[in-house]
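Colleague:
2 protein chains.
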Amino acid sequence: MTAQAHPPARPLRKDAARNRELLITAARELFAQRGLDVSLEDIAQHAGLGVGTGYRHFASKNEIASALLGQTLDAVVASGEQALTVEDPWRALVGFFEAAVAVQVGDRGLREVFLGVQDTGQIEYVHGRMTVIVTELVRRAQRAGVLRKDAAATDIGMIITMMSAVTEITADFAPDTWRRYLALCLAGLKPGAARLPLPALTEEQFRDAIDHHKKALRPTAKPAPARAKSSR
Amino acid sequence: MTAQAHPPARPLRKDAARNRELLITAARELFAQRGLDVSLEDIAQHAGLGVGTGYRHFASKNEIASALLGQTLDAVVASGEQALTVEDPWRALVGFFEAAVAVQVGDRGLREVFLGVQDTGQIEYVHGRMTVIVTELVRRAQRAGVLRKDAAATDIGMIITMMSAVTEITADFAPDTWRRYLALCLAGLKPGAARLPLPALTEEQFRDAIDHHKKALRPTAKPAPARAKSSR
DNA sequence: CAAAAAGCGGAGCGACTCTTCCGGATAGTG
DNA sequence: CACTATCCGGAAGAGTCGCTCCGCTTTTTG
Numbered sequence: 278m279t280a281q282a283h284p285p286a287r288p289l290r291k292d293a294a295r296n297r298e299l300l301i302t303a304a305r306e307l308f309a310q311r312g313l314d315v316s317l318e319d320i321a322q323h324a325g326l327g328v329g330t331g332y333r334h335f336a337s338k339n340e341i342a343s344a345l346l347g348q349t350l351d352a353v354v355a356s357g358e359q360a361l362t363v364e365d366p367w368r369a370l371v372g373f374f375e376a377a378v379a380v381q382v383g384d385r386g387l388r389e390v391f392l393g394v395q396d397t398g399q400i401e402y403v404h405g406r407m408t409v410i411v412t413e414l415v416r417r418a419q420r421a422g423v424l425r426k427d428a429a430a431t432d433i434g435m436i437i438t439m440m441s442a443v444t445e446i447t448a449d450f451a452p453d454t455w456r457r458y459l460a461l462c463l464a465g466l467k468p469g470a471a472r473l474p475l476p477a478l479t480e481e482q483f484r485d486a487i488d489h490h491k492k493a494l495r496p497t498a499k500p501a502p503a504r505a506k507s508s509r
Numbered sequence: 278m279t280a281q282a283h284p285p286a287r288p289l290r291k292d293a294a295r296n297r298e299l300l301i302t303a304a305r306e307l308f309a310q311r312g313l314d315v316s317l318e319d320i321a322q323h324a325g326l327g328v329g330t331g332y333r334h335f336a337s338k339n340e341i342a343s344a345l346l347g348q349t350l351d352a353v354v355a356s357g358e359q360a361l362t363v364e365d366p367w368r369a370l371v372g373f374f375e376a377a378v379a380v381q382v383g384d385r386g387l388r389e390v391f392l393g394v395q396d397t398g399q400i401e402y403v404h405g406r407m408t409v410i411v412t413e414l415v416r417r418a419q420r421a422g423v424l425r426k427d428a429a430a431t432d433i434g435m436i437i438t439m440m441s442a443v444t445e446i447t448a449d450f451a452p453d454t455w456r457r458y459l460a461l462c463l464a465g466l467k468p469g470a471a472r473l474p475l476p477a478l479t480e481e482q483f484r485d486a487i488d489h490h491k492k493a494l495r496p497t498a499k500p501a502p503a504r505a506k507s508s509r
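In order, the protein sequences belong to chains A and B.
According to this note's numbering, the stretch in the first sequence is residues 278 to 509, in order.
According to this note's numbering, the stretch in the second sequence is residues 278 to 509, in order.
1. Given this structure, state the Cα-to-Cα distance separating B:A344 from B:R290, to the nearest angstrom.
2. Going along chain A in order, which residues have a C-beta closer than 7 Å to the C-beta of B:P474?
3. In or out: A:T362 buried (at least 16 other Cβ within 10 Å) or exposed?
4. Three or more C-beta pairs closer than 8 Å, one from the stretch 451–463 of chain B and one from the stretch 447–457 of chain A: is that the case here?
5. Could you give the DSSP three-state label for A:Q395: helix, strand or coil?
6. Classify A:D427 as helix, strand or coil using the three-state DSSP reduction.
7. What does the alpha-carbon distance come out to for the pair A:V353 and B:G347?
8. Whose CA, out of A:F335, A:E413 and A:N339, lies closest to the CA of A:V315?
9. Are the Cβ atoms of B:E480 and B:T431 separated by less than 8 Å?
10. Straight-line CA distance for B:A336 to B:L478?
11. Please decide whether A:A377 counts as near chain B, where near means a Cβ-Cβ distance under 8 Å.
12. Using the C-alpha atoms, what's the distance from A:Q395 back to A:T302?
13. Applying a beta-carbon distance threshold of less than 9 Å, which residues of chain A neighbour B:F512?
14. Enumerate, from N- to C-terminal direction, the unbroken beta strand (DSSP E) stretches of 3 or more residues contained entirely within the stretch 309–378 of chain B.
15. Pull up the distance between the alpha-carbon of A:I320 and that of A:E298, whole angstroms please.
16. Verify whether the separation of the beta carbon atoms of A:R374 and A:T438 is less than 8 Å.
17. Mind checking whether A:D488 and A:E389 have CB atoms under 8 Å apart?
18. Spatial neighbours of B:V378 within its chain, please: CB distance less than 8 Å, with the 5 preceding and 5 following residues excluded, ordered by chain position.
19. Please list the terminal residues of the continuous alpha helix (DSSP H) segment that includes A:A470.
20. Distance, Cα to Cα, B:T397 vs B:A309?
21. Note down, in chain order, each residue of its chain lying with its Cβ closer than 8 Å to the Cβ of B:W367, except the 5 sequence neighbours on either side.
22. Which chain B residues are close to A:V443, counting only those with a beta carbon under 8 Å from its beta carbon?
23. Name the chain B residues that come within less than 9 Å of A:A537, Cβ to Cβ?
24. Does any C-beta atom of chain A lie closer than 8 Å to the C-beta of B:R495?
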């Protein structure tokens, strides 16, 4: 589903391959620094190339963004899988939190996705893989008695989103601030506190939450093929 | 500072006054529903008026947005002042949280401001009034022993921002979800939990946080006065 | 060392935004 | 009821962004 470089039927020409890499790294940098709203002209220029070259390698701006974001989201999933191998259930949970938030500190585009400001479309795919992992992390911690019984798997995702908000605001000058508020939430997750007033979201609701509502990554809405002449 | 309707030197003509109200309510509705990015054409049309009429009443789109947002932010300040009159320090604190978040549930534009996605410019003004109130709320609660000693005034603002993130994502179908996560944070704010790893932000840092970095409400960057002829 | 294939770049189109301008409609006045 | 200050509406200027098209350059091939 990810627009991974189409398996090169014929190997790319040398310069083309080089330019492709230039584009990818330029895009990654700009998305991370300035968010998902940078223009493709900026990306191309930042790579020292022309706009047309960008479109030779990627069908649309969304394709670059989706591919890059997908890659990063995969990394988050990976750190979740790794957390499952940690024996101490509480340390595993905390470690996962920290990994998931740490990647966002340097990546504004990623934060925009977690905050639901922008939509890349493929989150549900990642979410599918994630829910199993997180559910297991929660189950283990609860069984060990280190996590309050009324915590749910969806709470973990929501807390990560809250950390995104903190980081979005502080990343520029106090990038570690999220640690303070994660600690605060973790304190609230320990057993023994007062009951939580509402039930957690269901997995389905949570998926809707990060998938619905937001503006698609550029409305684009390419209705008419621009030119009347469809010569090509 | 707020672009309150310039004290009408001469009373507005009847239709003008009516249209002004139409514009304001239309803008408020659209900002609340669709966020701060709605076009001014949409606003005018939603009010049943022409674009030009909008500019007769407001100097720019930013002016409408700022004025409206400012009004809402004033309401938040007011609920803070009211909280100071509650005798139970914990109830006062919780009440303030609830008031501050509740207004955001129906107002997407306001959430965008709290999340630092968009900048209206006048937050620092509100922040100035707020910091005194919140500091007092915190001091009272700590003196009564119901709030952990290492909590700071800036923590309150940050928690509100976290609730903005939750609400931004859930407002469309489970608008009360923030209550669960507020409860979780409140549990973490009770005394007795493990120390928080980092110091809180200073007031100055917090002000920078919600003031810096974000994209101004439309770059606009009106460099040249459009037409060369400066007849008017 | 050609010829052909592949790739490059940027002018340019459509769609959208904010804002201005001004002819024509409207409300208040004598 | 006319007359004028006021106001309305929408066309149009200027800017931005996504994307396409096609003449020109570079790489590969034979």
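Where is the CB? At the ideal position from N, CA and C, for every residue including glycine.
Modeller: This is what the structure holds:
1. For B:A344 and B:R290, the distance between alpha carbons rounds to 22 Å.
2. Scanning chain A for C-beta atoms nearer than 7 Å to the C-beta of B:P474 yields R456, R457 and A460, reported in chain order.
3. Classification for A:T362: exposed.
4. By the Cβ rule, the stretch 451–463 of chain B does not count as touching the stretch 447–457 of chain A, because fewer than three pairs are nearer than 8 Å.
5. Assigned with DSSP and collapsed to three states, A:Q395 falls in strand.
6. Three-state result, A:D427: coil.
7. A:V353 and B:G347: Cα-Cα distance of roughly 39 Å.
8. Ranking the options by Cα distance to A:V315, first place goes to A:N339.
9. Yes, these two residues count as a Cβ contact at 8 Å.
10. Straight-line spacing of the CA atoms in B:A336 and B:L478 works out to 37 Å.
11. Taking Cβ atoms only, chain B never reaches closer than 8 Å to A:A377, which makes this a no.
12. Approximately 21 Å between the Cα atoms of the pair.
13. Residue 512 of chain B lies beyond the residue range present for chain B, which begins at 278 and ends at 509; the question has no answer from this structure.
14. Qualifying beta strand (DSSP E) stretches: none in this window.
15. A:I320 and A:E298 have their alpha carbons spaced roughly 12 Å apart.
16. According to the sequence displayed, residue 374 of chain A carries Phe and not Arg. No.
17. Remark: C-beta atoms of A:D488 and A:E389 do not approach each other more closely than 8 Å.
18. Excluding residues within five positions, the ones whose Cβ falls inside 8 Å are I437, M440, S441, T444, W455 and L459.
19. No alpha helix (DSSP H) contains A:A470, which DSSP labels as neither H nor E.
20. One C-alpha to the other measures close to 15 Å.
21. So the qualifying residues of the chain are A418, A421, V423 and L424.
22. Around A:V443, the beta-carbon contacts reaching into chain B at under 8 Å are M435, T438 and M439.
23. No information on residue 537 of chain A is available, as it lies outside the stretch 278 to 509 that chain A covers here.
24. Residue confidence is low: B:R495 scores 49 on pLDDT, short of 50, so the model does not pin down where it sits. No coordinate-derived value is stated.
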